[in-house]
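S.K.: I am attaching a structure below and will ask some questions about it afterwards.
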Amino acid sequence: MLSSIPKMLARNTKNFGKLVACSKHTLPDLPYDYNALEPVISAEIMQLHHQKHHATYVNNLNVAEEKLLEAKHRGSVSDEIALTSALKFNGGGHINHTIFWSILCKNGTSEPQGDLAEAIKRDFGSYQRMVDLLVATSTGIQGSGWGWLGYNKQLNRLEIAACPNQDPLLATTGLHPLFGIDVWEHAYYLQYKNLRPDYVKNIFKIANWRKVEELFGNAKNN
Amino acid sequence: MSYQLPSLPYDYQVLEPFVDKETMNIHHTKHHQAYVTNLNNATKDTDLVAIMQNIKNYPVAVRNNGGGHYNHSLFWKWMAPVGSSNVAPFGALKDKVESTFGSVDEMKKKFTDAALTRFGSGWAWLGVKNDGTLAITSTANQDNPLMTGVAEVEMIPILGLDVWEHAYYLKYQNRRAEYIQQWWNVVNWDEVVRYYDEFATKNQPVPIQ
Chain A
0 MLSSIPKMLA
10 RNTKNFGKLV
20 ACSKHTLPDL
30 PYDYNALEPV
40 ISAEIMQLHH
50 QKHHATYVNN
60 LNVAEEKLLE
70 AKHRGSVSDE
80 IALTSALKFN
90 GGGHINHTIF
100 WSILCKNGTS
110 EPQGDLAEAI
120 KRDFGSYQRM
130 VDLLVATSTG
140 IQGSGWGWLG
150 YNKQLNRLEI
160 AACPNQDPLL
170 ATTGLHPLFG
180 IDVWEHAYYL
190 QYKNLRPDYV
200 KNIFKIANWR
210 KVEELFGNAK
220 NN
Chain B
0 MSYQLPSLPY
10 DYQVLEPFVD
20 KETMNIHHTK
30 HHQAYVTNLN
40 NATKDTDLVA
50 IMQNIKNYPV
60 AVRNNGGGHY
70 NHSLFWKWMA
80 PVGSSNVAPF
90 GALKDKVEST
100 FGSVDEMKKK
110 FTDAALTRFG
120 SGWAWLGVKN
130 DGTLAITSTA
140 NQDNPLMTGV
150 AEVEMIPILG
160 LDVWEHAYYL
170 KYQNRRAEYI
180 QQWWNVVNWD
190 EVVRYYDEFA
200 TKNQPVPIQ
């Protein structure tokens, strides 16, 4: 939708405000109720995580992008560059959480099937070995961050990766995100306190492998 | 001689309502304890201050857990129940704060800002640089300003605030700003002034245990 707006419009001050307004990001709805992921993730956490944390990333991303356009309009490259951190934090936060909600579902699904199952077997030996690696990686992240199962398109192989803070996987590593685990303390603390390993192991009970298969298909074919 | 979890100088509930009892308990008995355990597994060296000043020569497990142990050991002492210490800096530190920042309030604003803008896990710090000047900075994860070659601003910390989510989430959830604002009520200025007078102004890091 945005790409169909002629570039001329962006340079036209009269329409500048309209352009900024119609490109605002919005908080996506969850595909399930806040209590759907119980007992693995409590309704209280889901609500705070979605309505406060993710919403804040969305709002701050919009603010940062507005400032970016405004700096560009003023011709200040320096001011544009100064917004890099804010864009990465908040843009990454928005990307990561949007993916996160979609790869979880009530009661989870059966294990990976089809092409994804084959790729997992080829690249890790077995599904369980992949899970063990992802659990170890996610549990071991120092401070805040995300553990990921990602797809390396160049080498046509699945990889496990960790990103600090809200660094988005694709933009910072080139890996296509397939399944991610938020290990910021806000993702689990109210329920699990310091027991991050329990939260990380439990997350596989609510994994939506059908969605992950879809993401894998998209990454391979696009 | 291995590292030990220090006892708190007070009971878990005494910082209520500003820092809740459950957080103090878990923060001390689980999080800080884990840093101590992991630090003992990661190194046999016993001079933690020297380790931090040479942190580039140590594996990341020492940086994370050594930093965690040092930071938290002082953190418990940087706090005290309301009414048990001065409510503001005094003496030479007060003069230095005013000449550096304009006022104690201005210093607190800058410190609060550093704590708010540290994205993800980390700490905010007030400290004394090599040249004797006061400065405010923040660090990521369990880094601290003693870590040579790591911290953006290297200095001897005399006051620090933990802004990892585990430090405030049970009571404040996502409201970090509120946590910071409430935390000022329990800062142990007697201890901060002591660290300034007895250590930082003599270019010595504050020792732990």
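Chains A and B, in that order, are what the protein sequence lines are. Residue numbers are given in numbering that gives the first Met the number 0: position 127 of the first sequence equals residue 126, and the series is strictly consecutive. Residue numbers are given in numbering that gives the first Met the number 0: position 140 of the second sequence equals residue 139, and the series is strictly consecutive. Think of the CB as a built atom: it goes at the ideal place given N, C-alpha and C, for glycine as much as any other residue.
Suppose contacts are defined by Cβ-Cβ distances below 7 Å. Is H165 of chain B in contact with H71 of chain B by that definition?
M.R.: Not closer than 7 Å, so no.
S.K.: If distances are taken between C-alpha atoms only, which option among A:L26, A:D28, A:M45 comes closest to A35 of chain A?
M.R.: Considering only alpha carbons, the answer is A:M45.
S.K.: DSSP three-state call for E177 of chain B: helix, strand or coil?
M.R.: E177 of chain B falls in the helix class under three-state DSSP.
S.K.: Quick one, are the C-beta atoms of Y126 of chain A and N89 of chain A less than 7 Å apart?
M.R.: For Y126 of chain A and N89 of chain A, no; Cβs fall outside 7 Å.
S.K.: Report buried or exposed for M0 of chain B, applying the criterion of at least 16 other Cβ atoms within 10 angstroms of its Cβ.
M.R.: Under this definition M0 of chain B is an exposed residue.
S.K.: Can at least three beta-carbon pairs, one atom from the stretch 200–219 of chain A and one from the stretch 95–105 of chain A, be found at a separation below 8 Å?
M.R.: These segments touch.
S.K.: N61 of chain A by DSSP, collapsed to three states: which one?
M.R.: Residue state, collapsed to three classes: helix.
S.K.: Going by DSSP in three states, H175 of chain A sits in which element: helix, strand or coil?
M.R.: H175 of chain A falls in the strand class under three-state DSSP.
S.K.: Could you tell me which whole alpha helix (DSSP H) segments of length 4 or greater appear in the stretch 128–191 of chain A?
M.R.: Correct list: 168–172, 188–191.
S.K.: Could one say the Cβ of I202 of chain A lies closer than 7 Å to chain B's Cβ atoms, at least one of them?
M.R.: So, not an interface residue.
S.K.: For H52 of chain A, return the contacting residues in chain B, with the cut-off set at a CB-CB distance below 8 Å.
M.R.: Going along chain B in sequence order, the residues near H52 of chain A (Cβ under 8 Å) are N173.
S.K.: What residue range is occupied by the uninterrupted alpha helix (DSSP H) comprising D104 of chain B?
M.R.: Element bounds for D104 of chain B: 103–116.
S.K.: Let me see if you follow: with CB-CB separation under 7 Å, is I25 of chain B close to chain A or not?
M.R.: I25 of chain B counts as touching chain A.
S.K.: Which chain B residues are close to K66 of chain A, counting only those with a beta carbon under 9 Å from its beta carbon?
M.R.: Those within 9 Å of K66 of chain A in chain B number zero; the least Cβ separation is about 15 Å.
S.K.: Report the three-state DSSP secondary structure of I155 of chain B (helix, strand or coil).
M.R.: I155 of chain B falls in the strand class under three-state DSSP.
S.K.: When you measure from the CB of I94 of chain A to every non-hydrogen atom of the ligand FAD, does any distance come out below 6 Å?
M.R.: This structure simply doesn't include the ligand FAD, nor any ligand for that matter.
S.K.: Anything in chain A within Cβ reach of L169 of chain B, meaning under 9 Å, just list it in chain order.
M.R.: Near L169 of chain B (Cβ distances below 9 Å), the residues of chain A are Y188, L189, K192.
S.K.: If you measure from the beta carbon of G119 of chain B to each beta carbon in chain A, is any gap under 7 Å?
M.R.: Answer yes: the Cβ-Cβ gap between G119 of chain B and chain A drops below 7 Å somewhere.
S.K.: So H30 of chain B contacts chain A; which residues on that side make the cut at Cβ distance below 7 Å?
M.R.: Within 7 Å Cβ-Cβ: N193.
S.K.: At what residues does the beta strand (DSSP E) containing W124 of chain B begin and finish?
M.R.: Element bounds for W124 of chain B: 121–127.
S.K.: Do you know whose CA, among B:F74, B:N40, B:W75, lies nearest R62 of chain B's CA?
M.R.: The option with the nearest alpha carbon to R62 of chain B is B:N40.
S.K.: Can you list, in chain order, the residues of its chain whose CB lies under 7 Å from that of A63 of chain A, leaving out five sequence neighbours each side?
M.R.: Closer than 7 Å at Cβ, skipping near neighbours: L82, A85, L86, N89.
S.K.: Distance, Cα to Cα, L189 of chain A vs Q172 of chain B?
M.R.: Taking the straight line from one Cα to the other gives about 8 Å.
S.K.: Alpha carbon to alpha carbon, what distance is there between K76 of chain B and A123 of chain B?
M.R.: Straight-line Cα distance between these residues: approximately 16 Å.
S.K.: Looking at the strands, I want to know which residues DSSP matches up with D161 of chain B.
M.R.: According to DSSP, which records beta bridges pairwise, D161 of chain B is partnered with B:W122.
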